[in-house]
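Asks: Provided herewith is a single structure, encoded as structure tokens, for subsequent inquiry.
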Amino acid sequence: MQLFGSLKRYLGLWVLNRTMRNGIDLRKLRFFPDALSLPLKRDGLDPLPGLMRTQAEEPVKRLAELFGRGVWLVSGYDAAREVLSGDAETWSNDLGQFVSQEGRTEEEQIGGLGMTDPPLHTQLRRYLTPEFTMRRLARLQPSIEAVVAGRLDAMAAAAEEGRPVDVVAEFAFAVPFEVICDLLGLPVEDRRRFFELGVARFDLSGGGAGAFGAQAQTREFLINAVKEQRLAPGDGLIGAMIAEYGDELDDVTLGGIADGVFLGGYETSASMLAMGTYLIASTPEAARMLRSDPASVDRVIEELLRYLCVVQLAFLRFAKRDVVIGGVPIKEGDCVGVSLLAANRDPVLGDDLGTFDPTREPVRHLSFGWGMHRCVGAELARMELRTALRMLVERFPDLAMANDISELDFRKLSAVYGVEALPVHLFGADRAAV
308 MQLFGSLKRY LGLWVLNRTM RNGIDLRKLR FFPDALSLPL KRDGLDPLPG LMRTQAEEPV
368 KRLAELFGRG VWLVSGYDAA REVLSGDAET WSNDLGQFVS QEGRTEEEQI GGLGMTDPPL
428 HTQLRRYLTP EFTMRRLARL QPSIEAVVAG RLDAMAAAAE EGRPVDVVAE FAFAVPFEVI
488 CDLLGLPVED RRRFFELGVA RFDLSGGGAG AFGAQAQTRE FLINAVKEQR LAPGDGLIGA
548 MIAEYGDELD DVTLGGIADG VFLGGYETSA SMLAMGTYLI ASTPEAARML RSDPASVDRV
608 IEELLRYLCV VQLAFLRFAK RDVVIGGVPI KEGDCVGVSL LAANRDPVLG DDLGTFDPTR
668 EPVRHLSFGW GMHRCVGAEL ARMELRTALR MLVERFPDLA MANDISELDF RKLSAVYGVE
728 ALPVHLFGAD RAAV
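In structure tokens, the structure reads:
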């Protein structure tokens, strides 16, 4: 158990940023070893040279030895697929069994699809999958378009007299939030409070203490939403799951599922929209393809997903038995992290993958994971990106960056990578200078 106590200290920041469910106070995190931070750091949009060098020289690499057990980084594409598609007899995603839950309320427990094992994972997936089919998601397309149109109007109003507009605050976070609320079926009058909790949940200032409280309050908010919809079911995911599985699932479980949907689809989509806007504004060919070549839109979106890969590191896996990955033996109990970012740029997938090329034939990237833990909301994320970025460049064909990439403030040591602010000129840099 000493090993997992140390893993909790050393890797706690990763777990917090990705799940906000581990109860670790960042004020107690004394240091973050350089070796363990390697897959969580970037130089702008690019992985650090050390990560790509590791991939070339040692695609399955032991990063650290903690109390006689190994912490491994998998950065090669083939080895990454091997780990991600592994079975439940070989790997466990259940960090909760290694982190004390004593004294926590049900709202504070570690959980979610990405951190559960079969049979619970299989059951949760069975409940959610029907709600994320293309047929079910198609009903959201009109509301996504309406949300995006509203945000574009607000951005245009904010850009009066040529002032730059912050895409992160005005667009990237606002669109996924409203889409998730529509998906869950949350009443409009309750969304302001939900938004405030969502903002607090990702605020790591002051050691992250406020984030922990907001996490529990968010779960409580959603549990109450479930209780209300048992009496008057809505037409969103919560109402649909009550109608289909209401007798099987209690309020806490349903609230937890809704919370997992929010957590998985909010920050990740927001980061993709923000950094995707940067690449589109900086790549005229990509903007042209989105604006006037409908047949190429999906190609642009897939290249954005591959290249940006905002979820840098897959959920940690723990070996349940001795296993060999990429020819390297890994012992039972060892912890394995998969660098999705590095795997997406592995030369085995093609040439010049360190470059964003919207004309590239789609690559079988790992940005949504692989295997049984592949992101259940992948198609919804694609819908949001496709709709939001296409409408953005149609509305503002002269969209231009207000700052060079070297002036942007990117997140540090975050499993979900992103930029803190992204000022743009909606009507072109020339008009802004007038």
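Going letter by letter, the sequence shown gives residues 308 to 741 in this note's numbering. The beta carbon of each residue, even a glycine, is placed where N, CA and C say it ideally should be. Please read these numbers as outputs of a predicted model, since none were measured by experiment.
1. In terms of alpha-carbon separation, which member of Asp716, Ala736 and Phe703 lies closest to alanine 464?
2. For histidine 672, does the three-state DSSP call read helix, strand or coil?
3. Between the Cα of leucine 459 and the Cα atoms of Val723, Met698, Asp705 and Ala728, which residue gives the shortest distance?
4. Only counting the same chain, and skipping five residues up and downstream in sequence, which positions put a Cβ closer than 8 Å to that of glycine 633?
5. Report the rounded CA-to-CA distance for proline 483 versus alanine 650, giving the unit in angstroms.
6. Would you tell me roughly how many angstroms separate the C-alpha atoms of isoleucine 712 and aspartate 641, rounded to the nearest one?
7. How close, in whole Å, do the beta carbons of alanine 707 and alanine 736 come, if the pair is a contact with beta carbons under 8 Å?
8. Let's test the definition: count the other Cβ atoms within 10 Å of the Cβ of serine 721 and tell me whether it reaches 16, buried, or not, exposed.
9. Tell me cysteine 642's beta-bridge partners as DSSP assigns them.
10. Is it true that the stretch 525 to 545 meets the stretch 486 to 501, where meeting means three or more beta-carbon pairs spaced less than 8 Å apart?
11. Using a Cβ-Cβ cut-off of 8 Å (strictly less than) and excluding sequence neighbours within five positions of glycine 742, which residues of its own chain qualify?
12. Should methionine 582 and valine 618 be called a contact, given that it needs their Cβ atoms to be closer than 8 Å?
13. With distance defined between alpha-carbon atoms, name the residue in Ala626, Leu733 and Tyr614 nearest to arginine 349.
14. Would you kindly report the start and end of the unbroken alpha helix (DSSP H) that includes proline 730?
15. Let me make sure I understand the geometry here. Which of Ala371, Leu345, Val378 and Glu372 has the alpha-carbon closest to that of glutamine 362?
16. Distance check for arginine 689 and leucine 597, CA to CA, integer angstroms please.
17. So, at 8 Å on beta carbons, what are the nonlocal neighbours of alanine 588 in its own chain, with the 5 sequence-adjacent residues on each side left out?
18. Which residue or residues does DSSP assign as beta-bridge partners of methionine 708?
19. So, is serine 674 buried or exposed, given that buried needs 16 or more other C-beta atoms within 10 angstroms?
20. Going by alpha carbons, who is nearest to glutamine 448 out of Leu687, Gly725 and Glu701?
21. Let's test the definition: count the other Cβ atoms within 10 Å of the Cβ of valine 700 and tell me whether it reaches 16, buried, or not, exposed.
22. Considering proline 654, what are the terminal residues of the alpha helix (DSSP H) in which it resides?
23. In whole angstroms, what separates the C-alpha of leucine 580 from that of alanine 481?
24. For aspartate 751 and glutamine 536, what's the separation of their Cα atoms in angstroms?
25. For aspartate 664, does the three-state DSSP call read helix, strand or coil?
26. Closest to methionine 441 by CA distance: which of Ala685, Thr397, Lys534 and Val726 is it?
27. On the three-state DSSP scale, how would you describe alanine 736?
28. Quick check on glutamate 372: does DSSP put it in helix, strand or coil?
29. Quick one: give me the first and last residue of the alpha helix (DSSP H) that proline 356 is part of.
30. What residue ranges within the stretch 525 to 588 form continuous alpha helix (DSSP H) runs of no fewer than 4 residues, ordered along the chain?
31. Three-state secondary structure (DSSP) at arginine 328?
Replies: The short version:
1. As a first step, residue 464 is located in the sequence shown; it is residue number 157 there, counting from the start. Between alanine 464 and the set Asp716, Ala736 and Phe703, the nearest pair of CA atoms involves Phe703.
2. On the sequence shown, residue 672 is found 365 positions in, with the first residue counted as 1. Histidine 672: coil per DSSP, three-state reduction.
3. In the sequence shown, residue 459 corresponds to position 152, counting from 1. Leucine 459 has its Cα closest to that of Met698, out of Val723, Met698, Asp705 and Ala728.
4. Working through the sequence shown from its first residue, we reach residue 633 at position 326. Excluding positions up to five away in sequence, the list reads Pro366, Val367, Val381, Gly383, Asp385, Ala386 and Glu389.
5. For the purposes of this step, residue 483 is taken as residue 176 along the sequence shown, with counting starting at 1. For the purposes of this step, residue 650 is taken as residue 343 along the sequence shown, with counting starting at 1. Distance between the alpha carbons of proline 483 and alanine 650: 26 Å.
6. The residue labelled residue 712 in the question sits at position 405 within the sequence shown. The residue labelled residue 641 in the question sits at position 334 within the sequence shown. A direct Cα-to-Cα measurement between isoleucine 712 and aspartate 641 gives close to 38 Å.
7. For this step, residue 707 is matched to residue 400 along the sequence shown. For this step, residue 736 is matched to residue 429 along the sequence shown. Yes, they are in contact, since the Cβ atoms of alanine 707 and alanine 736 sit about 4 Å apart, within 8 Å.
8. On the sequence shown, residue 721 is found 414 positions in, with the first residue counted as 1. Buried.
9. For the purposes of this step, residue 642 is taken as the residue at position 335 of the sequence shown. Answer is Val378 and Phe625, bridged to cysteine 642.
10. At 8 Å Cβ cutoff, the stretches touch.
11. Nothing can be reported for residue 742, as the shown portion of the chain is limited to 308 through 741.
12. Within the sequence shown, the letter at position 275 stands for residue 582. Within the sequence shown, the letter at position 311 stands for residue 618. Contact check for methionine 582 against valine 618 fails: the beta carbons are separated by 8 Å or more.
13. The sequence position of residue 349 within the sequence shown is 42, counting from 1. A check of alpha carbon separations from arginine 349 across Ala626, Leu733 and Tyr614 identifies Tyr614 as the nearest.
14. Translated into the one-based positions of the sequence shown, residue 730 becomes position 423. That residue, proline 730, is in no alpha helix (DSSP H); its beta strand (DSSP E) goes 730 to 732.
15. One-based indexing of the sequence shown puts residue 362 at position 55. Distance check between glutamine 362 and each of Ala371, Leu345, Val378 and Glu372 places Leu345 closest, using alpha-carbon atoms only.
16. Along the sequence shown, one-based indexing puts residue 597 at 290. Along the sequence shown, one-based indexing puts residue 689 at 382. Looking at the two C-alpha atoms, the distance is approximately 14 Å.
17. Residue numbering aside, residue 588 sits at position 281 when the sequence shown is read from its first letter. Cβ within range, chain order: Ala594, Leu706, Ala707, Met708 and Val731.
18. For the purposes of this step, residue 708 is taken as the residue at position 401 of the sequence shown. Bridge partners of methionine 708: Val731.
19. The residue given as residue 674 occupies position 367 in the sequence shown. Serine 674 should be labelled buried.
20. Residue 448 sits at position 141 when you count from the first residue of the sequence shown. The closest CA to that of glutamine 448, considering only Leu687, Gly725 and Glu701, is found on Leu687.
21. Against the sequence shown, residue 700 aligns to sequence position 393. Looking at its Cβ environment, which holds 16 or more other Cβ atoms inside 10 Å, valine 700 is buried.
22. The residue given as residue 654 occupies position 347 in the sequence shown. Segment: none, proline 654 is in no alpha helix (DSSP H) and carries neither H nor E.
23. Taking the sequence shown and counting its residues from 1, the one referred to as residue 580 is at position 273. Taking the sequence shown and counting its residues from 1, the one referred to as residue 481 is at position 174. Taking C-alpha positions only, leucine 580 is separated from alanine 481 by approximately 10 Å.
24. The structure shown does not extend to residue 751, since the chain spans only 308 to 741, so no value can be given for it.
25. Counted from its first residue, the sequence shown places residue 664 at position 357. Residue state for aspartate 664 is assigned as coil, using DSSP reduced to three classes.
26. Residue 441 sits at position 134 when you count from the first residue of the sequence shown. Nearest C-alpha to methionine 441: Ala685.
27. Translated into positions along the sequence shown, residue 736 becomes position 429. In the three-state scheme derived from DSSP, where H, G and I count as helix and E and B as strand, alanine 736 is classed as helix.
28. Mapped onto the sequence shown, residue 372 falls at position 65. It is a strand residue.
29. Your numbering for residue 356 matches position 49 in the sequence shown. Residue range 356 to 364 is occupied by the alpha helix (DSSP H) that includes proline 356.
30. Listed in chain order, the alpha helix (DSSP H) runs fully inside the stretch 525 to 588 are 544 to 552 and 558 to 572, counting runs of at least 4 residues.
31. Within the sequence shown, the letter at position 21 stands for residue 328. Low confidence applies to arginine 328: its pLDDT is 35, below 50, so where it sits in the model is not reliable, and the reading given next is rough at best. The answer is coil: DSSP assigns arginine 328 none of H, G, I, E or B.
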